[in-house]
Every structure is written in C-alpha cells, then in structure tokens.
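Input: a single structure, listed below in structure tokens.
Protein chains: 2
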Amino acid sequence: MTRKNTEQLHLGAFIVAGPGRPGGWRHPQSEDGWLTPDYYRRIAQTLEQGCFDLAFFPDILAVPNRFGGSHESQLRYGALGSLRLEPTQVLATMAAATNHLGLAATKSTSYYEPFDIARGFATLDHLSGGRAAWNIVTSFQDAEARNFSREQHIPREKRYDRADEFLEVTHKLWDSWADDALVADRAEPLFADPDKVNPILHKGEWFTVDGPLNVPRPPQGYPVLIQAGASDRGRDFAARWADVVFVTHYSLESAVAFAREMKARAAAHGRDPRHLKILPGITPLVGETQAIVEEKRKLLSGLIDPVAGLTTLSYHLDVDLSVYPLDEPLPHLKVPGVTGHYDEMREASDKAGLTLAEAGRMYANRYEGDFIGTPDVIADKMQEWFEAGACDGFMVMAAWQPGAFEEFVRLVVPELQRRKLFRTEYEGKTLRDHLGLPRPERGAWEGKSARLEAAE
Amino acid sequence: MTRKNTEQLHLGAFIVAGPGRPGGWRHPQSEDGWLTPDYYRRIAQTLEQGCFDLAFFPDILAVPNRFGGSHESQLRYGALGSLRLEPTQVLATMAAATNHLGLAATKSTSYYEPFDIARGFATLDHLSGGRAAWNIVTSFQDAEARNFSREQHIPREKRYDRADEFLEVTHKLWDSWADDALVADRAEPLFADPDKVNPILHKGEWFTVDGPLNVPRPPQGYPVLIQAGASDRGRDFAARWADVVFVTHYSLESAVAFAREMKARAAAHGRDPRHLKILPGITPLVGETQAIVEEKRKLLSGLIDPVAGLTTLSYHLDVDLSVYPLDEPLPHLKVPGVTGHYDEMREASDKAGLTLAEAGRMYANRYEGDFIGTPDVIADKMQEWFEAGACDGFMVMAAWQPGAFEEFVRLVVPELQRRKLFRTEYEGKTLRDHLGLPRPERGAWEGKSARLEAAE
Ligand SMILES: Cc1cc2nc3c(=O)[nH]c(=O)nc-3n(C[C@H](O)[C@H](O)[C@H](O)COP(=O)(O)O)c2cc1C
Ligand SMILES: Cc1cc2nc3c(=O)[nH]c(=O)nc-3n(C[C@H](O)[C@H](O)[C@H](O)COP(=O)(O)O)c2cc1C
Numbered sequence: 001m002t003r004k005n006t007e008q009l010h011l012g013a014f015i016v017a018g019p020g021r022p023g024g025w026r027h028p029q030s031e032d033g034w035l036t037p038d039y040y041r042r043i044a045q046t047l048e049q050g051c052f053d054l055a056f057f058p059d060i061l062a063v064p065n066r067f068g069g070s071h072e073s074q075l076r077y078g079a080l081g082s083l084r085l086e087p088t089q090v091l092a093t094m095a096a097a098t099n100h101l102g103l104a105a106t107k108s109t110s111y112y113e114p115f116d117i118a119r120g121f122a123t124l125d126h127l128s129g130g131r132a133a134w135n136i137v138t139s140f141q142d143a144e145a146r147n148f149s150r151e152q153h154i155p156r157e158k159r160y161d162r163a164d165e166f167l168e169v170t171h172k173l174w175d176s177w178a179d180d181a182l183v184a185d186r187a188e189p190l191f192a193d194p195d196k197v198n199p200i201l202h203k204g205e206w207f208t209v210d211g212p213l214n215v216p217r218p219p220q221g222y223p224v225l226i227q228a229g230a231s232d233r234g235r236d237f238a239a240r241w242a243d244v245v246f247v248t249h250y251s252l253e254s255a256v257a258f259a260r261e262m263k264a265r266a267a268a269h270g271r272d273p274r275h276l277k278i279l280p281g282i283t284p285l286v287g288e289t290q291a292i293v294e295e296k297r298k299l300l301s302g303l304i305d306p307v308a309g310l311t312t313l314s315y316h317l318d319v320d321l322s323v324y325p326l327d328e329p330l331p332h333l334k335v336p337g338v339t340g341h342y343d344e345m346r347e348a349s350d351k352a353g354l355t356l357a358e359a360g361r362m363y364a365n366r367y368e369g370d371f372i373g374t375p376d377v378i379a380d381k382m383q384e385w386f387e388a389g390a391c392d393g394f395m396v397m398a399a400w401q402p403g404a405f406e407e408f409v410r411l412v413v414p415e416l417q418r419r420k421l422f423r424t425e426y427e428g429k430t431l432r433d434h435l436g437l438p439r440p441e442r443g444a445w446e447g448k449s450a451r452l453e454a455a456e
Numbered sequence: 001m002t003r004k005n006t007e008q009l010h011l012g013a014f015i016v017a018g019p020g021r022p023g024g025w026r027h028p029q030s031e032d033g034w035l036t037p038d039y040y041r042r043i044a045q046t047l048e049q050g051c052f053d054l055a056f057f058p059d060i061l062a063v064p065n066r067f068g069g070s071h072e073s074q075l076r077y078g079a080l081g082s083l084r085l086e087p088t089q090v091l092a093t094m095a096a097a098t099n100h101l102g103l104a105a106t107k108s109t110s111y112y113e114p115f116d117i118a119r120g121f122a123t124l125d126h127l128s129g130g131r132a133a134w135n136i137v138t139s140f141q142d143a144e145a146r147n148f149s150r151e152q153h154i155p156r157e158k159r160y161d162r163a164d165e166f167l168e169v170t171h172k173l174w175d176s177w178a179d180d181a182l183v184a185d186r187a188e189p190l191f192a193d194p195d196k197v198n199p200i201l202h203k204g205e206w207f208t209v210d211g212p213l214n215v216p217r218p219p220q221g222y223p224v225l226i227q228a229g230a231s232d233r234g235r236d237f238a239a240r241w242a243d244v245v246f247v248t249h250y251s252l253e254s255a256v257a258f259a260r261e262m263k264a265r266a267a268a269h270g271r272d273p274r275h276l277k278i279l280p281g282i283t284p285l286v287g288e289t290q291a292i293v294e295e296k297r298k299l300l301s302g303l304i305d306p307v308a309g310l311t312t313l314s315y316h317l318d319v320d321l322s323v324y325p326l327d328e329p330l331p332h333l334k335v336p337g338v339t340g341h342y343d344e345m346r347e348a349s350d351k352a353g354l355t356l357a358e359a360g361r362m363y364a365n366r367y368e369g370d371f372i373g374t375p376d377v378i379a380d381k382m383q384e385w386f387e388a389g390a391c392d393g394f395m396v397m398a399a400w401q402p403g404a405f406e407e408f409v410r411l412v413v414p415e416l417q418r419r420k421l422f423r424t425e426y427e428g429k430t431l432r433d434h435l436g437l438p439r440p441e442r443g444a445w446e447g448k449s450a451r452l453e454a455a456e
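Next up, the structure:
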C-alpha cells in the first residue's frame, strides 16, 4: 500500500494518574505531584502548547497482585498499577486549564453501569466544550472482579456481549435529548422541550434502563470512542464502535498488518476506514545529540529493577511470572493477555539472547525500542510508520513524567511540524475536529452492535 | 437549652449543577452557564470570598416522572431534577479554582459500588488538598432504580443495611494505606511500603471487596461525611456515621427539637455531640431596604408556575400530586418522603388558607419562609436559630443562581462577621479544620455500623 501524505498525523499522550512507567518516578527530573492538580494542569498545558490531539488516561480498578500473588512488587517499584487517581476528575481539572486538548479516560464496561458512564462522559464533554473521549475496556484482571463483589471476571466470551449492550444503552442515553432540546426560554417558560427529550425504555440481557439521561446531548454528539482490544472479538468490537484504536507493536511489519486488517474490518462494517484512527503507543527517548541519548538511556536503564517490569508484564499477561527463573529465556506461554503480542515479544527477546530479567527491564520502559535518538531520527521513524500505512499517528508514552512530554514537545514536535506532518495550531474546537471525524447525528450508532446483529 | 455563642456558625452553599431551584433560571439576573466550567468556578470563588465552609451538590440519578407519570413538568419548568451534571467533575473544576472551600458531592449507596465511591472521594480529597465531603444518600425514587437495571428500589428496611456495609467497606479502603505508606524513596527504591498497604478482604452480605484501594489515605483521613436521612433509621445512621447533618425545617421549634434529638443520639453512640454539625437549609431573600425586598419577592413569585413546585414536591414525597385538585387544600397523605415534614407543611398551609397550587408555588422557592429581609433581619434570624441551639450553621440555598449567592456574600456575610458569628478569614486548610472536626485516625470508624452491631 502506498499512501500519500495528504493527511497529518495525530498525537495522543498516554499519561498515568500516578507514578507513571515503572522506574520513571526515580528519574532525577521526574516530579512527585501525582496527587496534586498542578501536576496534571502543567502536563495538559505542555501538551496543548505542542498541539496534541488528546491526553489519554489508562485505568485499572485494583492494585494488581499477579506477580507472586502479592501487591508487594507493584507498590515497592511504583509499577503501573500501584497508585491511580480516578481519571475523570483529573480530566475535569485539565479541561479547566486548557482550550483545545482532547481528554480521554478509560472506563470498564464490566464494572460500571451505563447510566453512570453515559452521564460522566456527557458531563465531561460539556465541561470541556466537546473534548471528551472514552477508552472502552472490558477489563482483564481477576483482582478487579474481587474489588467489585464478583468471585471472578465475566467469562471472556461474554465480556463483549455485555460491552455491546453497554454501548447500545450509552448511545441511546446520549441521544435521549435532541440537539435542540434545551431551549431555556425564560418568557414562555420552556426550559427543555419535553417532546425532544425521550425515555429510552431499554430492556436487554444485561441492562434495563428507562432514561432519559439528565444531561443534554454531548457537544460532540457522542464522545470520541477509543478501544484497545487484542482478541478477535475485541478487534471486531473496535471496528464497529471505535473512532480510535490504541495498540502496541513490536515491529513495523506487524503494525502495518494490523492497520490494514482494522481498516478492512471497518470497511466491511460499512464505515469509511479513514474514520478509524490507529494510534500505536511509542515511548520516545530524545536527546540533542546521539551521545546525550546514549547517556540518558544508560541513566534510565539503571533506574529499573527487572521486577518492576515483570510485575507489569505479569498483570498485562494475567500470568504469574514470578515462578519462572530470572536468568533464563522467556517461558513459552499461551496467553490471551493485554498485549496480544507475547509470542512476538518472546521471539524478539530470544533473538536478542535476553533473559527473563532483561526482558522485564526492557518491558518496564520500552525505551529500548525504535523511537530513540535525536529529533530527526525519531521524526524519521514516525514518518516511516505513518507513510507505510502503519498508523494515523501515535500515542506518546513518557519514560518519566512530566519531563519526557516536555522534551518531546520541545524537540520532536517542531521537527514534525517542519516536515508538515503535524499541525502548528489547532484549527477546530472539538476533539472530533482535531481528529477529522464528523459529528454523529442522533441515531448514528444503529447497526453497530454485534449482539443485536446476532439476535436478528 | 441555653447555649453560649462561643463557637461560630458554619455555612454551606447548596448548589444545583443545573438550572437551580424551580423558576430561578427565569430570574433576569440568573445565568445560563449550567454546562460550562466558568459558571461553577465563579460560584466557588464567590463562596470562598465569603469564607463559606463548603459548596454542596445534591444529586439524583433520573429525571423524575412522579408528577403525572411523565417528565414533562420537570423539563418544561426546569425543575430540580431536569438537568444535572455529574457532581465530582464539577467539584474537581471548583477545587482547581479555590484554596479553602470545602467540596461536597452526593453519591448514593444504593446504585454505586464502594470501591468506586471510596476511590472517587479519595481522589477528590487529594486533588483538593483535604476539602472533600460525601453526602451519603440511599436514594428514594423508583425512576432511579429503573435507570440502574432494577425493577424497583431496594426495600426501605434494607437500604440502610446496604448503606452500613457500604460505609464499612469505604472506610476499610480509606484505611488500606497507612498515613505514611507512600514513601517515594528514589534511591532505595521504595515507592510505597508494602507492609503499610493492606488488602481488606471484606466479605459481607452485600459486598465482597479484596482491596487495597489504589489511592493513598485521604488527607483528611476520611472525607467529611454528610447525611440527610429523615426516617428513624436514617437519623440513627447519621448519628453513627455523619459529621454533618443537612435538614430542612418549617419552624424554629421543630429545628430545636431535631437538633437536640440528633445530638443526644450522637452522644448515645459515644460521640462528642459537638462533632455532629447540624445545618438546616434556608433560602434567604435579601435586599438593601425592606421595600426592595418586597419588590424582589413579587418578581420571583411571578416567575414560578405552581406546577414547577408541585413536580418537585411530588418527587421529594414520591407521590403523584397531579391527581389532586389545584384549588383545594393540600391532601392528607401518609408519606415517608424526602422532607419528613409533610404534615407540618400541610398544617402550616391550611392555617394560611393556601390551595395546593399556592403551596406548590411556595415550595418551589421557599423564599416565603423566614429568612427574608434586610441583612440585619436575616442575620437576626440566623443568630436566633443558632443561639437557640437549632443548628451549628446553615446550608444556604439560592433562589436563583449564581446571583443569590453573590448577594448573600455581599450583604449578609459582613453582617454576620460584624456580630462575630462568622469567620473573616479561613484559619485551617482542610474542610475538617473549617468545621472544627478532628482528623480521624486509621480504624476510627470501628463500632459505627448498626449492621455489625446487630450481627454481634
Ligand atoms: C495498548 C493497550 C492499552 C490498554 N489499556 C487498558 C487500560 O487502561 N485498562 C484496562 O483495563 N485495559 C486496558 N487494555 C486492555 C484491553 O482493553 C483488553 O481488555 C485487552 O487487550 C484484552 O483484549 P481482549 O479482551 O480483546 O482479549 C489495553 C490494551 C492495549 C493493547
Ligand atoms: C435536606 C435534604 C436533602 C436531600 N438531598 C438528597 C439528594 O441530593 N439526593 C438524594 O438522592 N436524596 C436526598 N435526600 C434524601 C435523603 O437522603 C433520604 O433518602 C430521604 O430523606 C429519605 O430518608 P429515609 O431514607 O431516612 O427515610 C435529601 C433529604 C433531605 C432532608
């Protein structure tokens, strides 16, 4: 596939409402403000200076204890699941400090109720003037189930049935107010037109919801929907519902194959494939000179204990890696897991002759990947991926917070802008504007649900 | 009871994340910014200038349809349940715009999960530097149940069982990190001390929650707990768990009786009764001269359709009032309802010779009550209630938003300050500081649950 660089790329920032990527909190230029609004406000302003499309917060509803059956490694090493503030409040803080930046939070369809989620994102979309996005996850840790009064997680084959119905309900609720229902005519008086606010009377397998929502239709119609499912059903779900797919890859080849597959899936569902944006995660490590980059890499590498990475990988794979010897190659595992790329990772690791300990260290910060170097080297790589059709942009992860975002904005963004690969100012107002996505009309969701299709 | 005015009074502001009290949105000085952060930011700053203890957001999880079985009257008249943003996001916005103001949101124990609620308020307490409060409600509308996949609400006698266990779990989660668990020692490395973060392994009748929380212990230990239950069990619940009781009254006599009862109940549970703060709601109407007050009252009265009040009263009472004739006295009803004062209201209404329509209009804004007049008249009334032992302060409701808060701060607060009844500046930093409440140690909640007591 040759792809002309007619469009520009899109940039998201993957931010943790906590200590960030394992080891990153130990960096001399990292900051301890995880519990303060200033910390997030400042990141938001940095990203907006850099014209980023959106800030993205992952989430998890437990401190994982997959590694050795204990929370110890997560807490000691400040791993990804150790401390996490509730993300929509953090985004409300960021919304008040910015004017354009998109604002994405992760919420699970397995542990919340659709009325609550529809209302939360409608609220965020209003408070931000049309900048909200929802990263839809089905969750994958039994530890989360055990914080929500369930013995175990919903069986894998059922999770996406629930998610499909969950999205049917949230979309009906977002549509329950017509765009012009809120009148606020003081003289009449007519606050909202009762004929334009309708109950939804949803009755399904998982949910019974009367509606209407108590929040008017979101400025964007629906918030931008993000998804990152690895399984076949997860990909199908994304191709049906998602505006943005977040993914991680170990090579350009697998990235291109994935992007082709997803665009084809979207087209098969009757969608314009350009309206499904693919954003792989990268963890750039940038420096003014190659020598500085090398020294920075050494510094970071020394801050990471292998277990900090392995405890994260354990929870991403949902496998206890503490039972395998640290000084041997990665074990052969059949895992569905979060990454969907374990085999690829293991093969790459074997080829490089890495032990489990070394692979763990590598997994912790991923800065040993491809996006390392001076600004032009990183921009070259990004351009290569973009022009090869591997993606529509990137989700930038920070090896340490907030400094790595600042460096990216100061060093890499200008290089992308010089190449006309990235905007120099925002043109629209909403996140849909930034992403080049049309605003969905009322009812636009119909026909998306696999559950409804199967029932027909 | 003679009570010396040694303490000062406390002020909360009852704010609706929507059009406010019925009819208020029609006021020429009201503003339409319900969906924008500026609207809330400005109210927060006004209240902080006025040294208010806290901003308080009620909540409801449905557009009520109790009046005539339809949403029409709620929507048309912009009544209390017509439009409501999710309150914790609004508070996060306010937190970022203020330094001292306490921030209270209503969340129901009937429709959420304790992990989610504990995490949300821990997040708000951190992001605000110790200013979060939770108004605990058990909910009382079947319309809410029908938005949360339940045919009807949990039976009345079971709601507080669930609430008791809900609070056991949230307190265990808030205690799951010791106050000094977060170390962030980069050299060691030791992010959090695993010995000081403990699973809770709660197994009860309603909830099974392993924990620990993924947010450190809140700065205030626990967020300030507010409650407004009307029933006997509701009062008992408040006397056990609450720091603040929010209530409405129709007379000084009933207010004094209620306050005495609640303080006695708290003492019977082994608590210092001064640590249970009673804040009745009032809707002041203030003007520079009595003549201005009269004209303002006329203006407001003309903005309210009787049905705007009756649709609100219908949902507060959980009774369909549309079946009763508008031009006759209030019907005799046996209702548990939200107000707990229906009989008192009906008697007062009969004595004044009011029809249902007139009582509805009165209920809509309550500005026909006692707290009307020039600043000294209102301050007199407040002082009288305070010194009679009817309360520890007030929850100020605005006949229209945001103007009525501004007038109260400009006209009434200085008068209260002149009388040394109210602070002229904040002394402490946290909401517990403002309220004169000690910070609870880990484990301080033990012995509070009626459910556990009954099981012994
Ligand atoms: C890049 C990426 C990021 C993800 N972020 C989250 C997250 O923040 N929270 C979460 O619960 N799951 C997250 N997931 C997990 C997915 O939502 C999904 O549960 C997982 O990939 C398993 O996919 P499957 O359910 O389709 O098999 C992420 C997955 C990927 C690939
Ligand atoms: C002044 C006051 C304010 C209240 N605010 C709310 C509210 O915002 N949301 C809500 O669901 N219930 C609210 N309630 C209802 C109470 O929490 C409670 O459900 C109701 O008083 C019934 O009491 P009971 O359950 O003890 O019988 C309020 C009650 C009073 C008296």
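Here the protein sequences come in this chain order: Y and A. The first sequence begins at 1 in UniProt numbering and counts up one residue at a time. The second sequence begins at 1 in UniProt numbering and counts up one residue at a time. For glycine and all other residues, C-beta sits at the position ideal for the given N, C-alpha and C. A quick note: this is a predicted structure, and the numbers were derived from the prediction, not measured.
Next item on the list: Report the residue ranges of all alpha helix (DSSP H) runs contained in full by the segment 366–438 of chain Y; include only those spanning at least 4 residues, in chain order.
Entry: With a minimum length of 4 residues, the continuous alpha helix (DSSP H) runs that stay inside the segment 366–438 of chain Y are 375–387, 403–407, 413–418, 431–435.
Margin query: Against chain A, does residue 284/Y count as a neighbour if the rule is that its beta carbon must be under 7 Å from one of theirs?
Written below: It does not; no Cβ of chain A falls within 7 Å.
Checklist line | Exposure label - residue 16/Y; buried when at least 16 CB within 10 Å | finding: The residue in question, residue 16/Y, is buried, as its Cβ has 16 or more Cβ neighbours within 10 Å.
Check: Using the beta-carbon of each residue, which ones in chain Y are nearer than 7 Å to residue 400/A?
Finding: What residue 400/A touches in chain Y: nothing, since even the nearest Cβ is about 11 Å away.
Note to self: Using 7 Å as the threshold, is the C-beta distance between residue 289/Y and residue 67/Y below it?
What the structure shows: The answer is no: Cβ separation not under 7 Å.
Checklist line | Burial state of residue 234/Y (16 or more Cβ within 10 Å) | finding: Buried.
Item checked: C-beta neighbour in chain Y for residue 78/A, strict 7 Å -> With respect to chain Y, the C-beta atom of residue 78/A has a partner C-beta closer than 7 Å.
Checklist line | Close beta carbons around residue 313/Y, own chain, < 7 Å, minus the five adjacent residues each side | finding: Correct list, in chain order: 321, 360, 363.
Margin query: Let me see if you follow: with CB-CB separation under 7 Å, is residue 189/Y close to chain A or not?
Written below: At a cut-off of 7 Å between beta carbons, residue 189/Y contacts chain A.
Item checked: Any chain A beta carbon closer than 7 Å to residue 412/Y -> Under the Cβ criterion of 7 Å, residue 412/Y is not counted among the residues facing chain A.
Check: Using 8 Å as the threshold, is the segment 100–111 of chain Y in touch with the segment 49–66 of chain Y, meaning 3 or more CB pairs across them?
Finding: Yes, since at least three Cβ pairs between the segment 100–111 of chain Y and the segment 49–66 of chain Y fall closer than 8 Å, the two stretches touch.
Item checked: Cβ-Cβ separation, residue 262/A to residue 230/A (assumed contact under 8 Å), whole Å -> 12 Å between Cβ atoms; not a contact.
Item checked: Counted within 10 angstroms of its Cβ, other Cβ atoms place residue 493/A as buried (16 or more) or exposed -> Nothing about residue 493/A can be reported from this structure: the residues present for chain A run from 1 to 456 only.
Item checked: Simplified DSSP state of residue 350/Y, which is helix, strand or coil -> In the three-state reduction of the DSSP assignment, residue 350/Y falls in the helix class.
Notebook entry, point to check: Can you tell me where the beta strand (DSSP E) with residue 107/A in it begins and where it stops?
Noted result: Residue range 102–108 is occupied by the beta strand (DSSP E) that includes residue 107/A.
Item checked: Paired residues, beta bridge with residue 133/Y - DSSP -> In the DSSP output, where bridge partners are listed per residue, residue 133/Y has 104/Y, 224/Y.
Item checked: Identity of the residues DSSP links to residue 54/Y by a beta bridge -> Looking at the DSSP assignment, residue 54/Y forms a beta bridge with 12/Y, 102/Y.
Checklist line | Whole-Å CB distance - residue 287/Y paired with residue 208/Y, under 8 Å assumed | finding: At roughly 56 Å, the Cβ-Cβ gap does not stay under 8 Å, so residue 287/Y and residue 208/Y are not in contact.
Item checked: ligand 1 heavy atom lying under 6 Å from the CB of residue 246/Y -> Yes, the Cβ of residue 246/Y comes within 6 Å of a heavy atom of ligand 1.
Next item on the list: Compute the distance between the beta-carbons of residue 190/A and residue 76/Y, then report whether it is under 7 Å.
Entry: Using a Cβ distance threshold of 7 Å, residue 190/A and residue 76/Y count as a contacting pair.
Notebook entry, point to check: Would the beta-carbon of residue 409/A fall within 7 Å of that of residue 378/A?
Noted result: No. Outside cutoff.
Next item on the list: Quick one: measure Cβ to Cβ for residue 24/A and residue 395/A, integer angstroms, because I've assumed they're closer than 8 Å.
Entry: Between residue 395/A and residue 24/A the Cβ distance is about 16 Å, and since that is not below 8 Å, they are no contact.
Checklist line | Nearest-angstrom beta carbon gap, residue 141/Y and residue 327/Y [assumed within contact, 8 Å] | finding: With a Cβ gap of about 28 Å, residue 327/Y and residue 141/Y do not count as contacting.
Notebook entry, point to check: If residue 14/Y and residue 64/Y are in contact, beta carbons under 8 Å, what's the gap, nearest whole angstrom?
Noted result: Under the criterion of beta carbons closer than 8 Å, residue 14/Y and residue 64/Y do not qualify as touching, at roughly 18 Å.
Notebook entry, point to check: Relative to the C-alpha of residue 245/A, which residue among 171/A, 94/A, 72/A, 390/A is closest?
Noted result: The shortest Cα separation from residue 245/A among 171/A, 94/A, 72/A, 390/A belongs to 390/A.
Check: Would you call residue 154/A buried or exposed, if buried means 16 or more other Cβ atoms sit within 10 Å of its Cβ?
Finding: When all chains shown are included, residue 154/A counts as buried.
Margin query: So with CB distances below 9 Å, who are the chain A contacts of residue 46/Y?
Written below: Using a Cβ-Cβ cut-off of 9 Å, residue 46/Y is close to nothing in chain A; its nearest Cβ partner there is about 17 Å away.
Notebook entry, point to check: Is it a yes or a no for the segment 144–160 of chain Y touching the segment 251–270 of chain Y, going by three-plus beta-carbon pairs under 8 Å?
Noted result: No, they do not touch.
Margin query: For a contact defined as C-beta to C-beta under 8 Å, what are the partners of residue 126/A on chain C?
Written below: Judged by its chain identifiers, the structure shown contains no chain C, and its protein chains are Y and A.
Next item on the list: In the DSSP assignment, find the alpha helix (DSSP H) that holds residue 484/Y and state where it starts and stops.
Entry: Outside the displayed range of chain Y (1 to 456) lies residue 484/Y, so it cannot be described from this structure.
Note to self: Would residue 1/A pass as an interface residue toward chain Y - the criterion being a Cβ-Cβ separation below 7 Å?
What the structure shows: Per-residue confidence for residue 1/A stands at a pLDDT of 36, beneath the threshold of 50, marking its modelled position as unreliable; the derived number appears in the next sentence. Contact of residue 1/A with chain Y is not assigned, every C-beta pair being separated by 7 Å or more.
Checklist line | Own chain, CB closer than 7 Å to residue 42/Y, minus 5 neighbours either side, in chain order | finding: These residues qualify, in order along the chain: 402.
Next item on the list: Would you verify that the beta carbon of residue 242/A is, or is not, closer than 7 Å to some beta carbon of chain Y?
Entry: So, not an interface residue.
Checklist line | Under 8 Å by beta carbon: chain A residues contacting residue 209/Y | finding: Within chain A, the residues whose beta carbon sits less than 8 Å from that of residue 209/Y are 146, 147, 148, 149, listed in sequence order.
Notebook entry, point to check: Straight-line CA distance for residue 450/Y to residue 163/Y?
Noted result: Approximately 10 Å, taken between the alpha carbons.
Check: Taking 7 Å as the CB-CB cut-off, is residue 170/A touching chain Y?
Finding: Not an interface residue.
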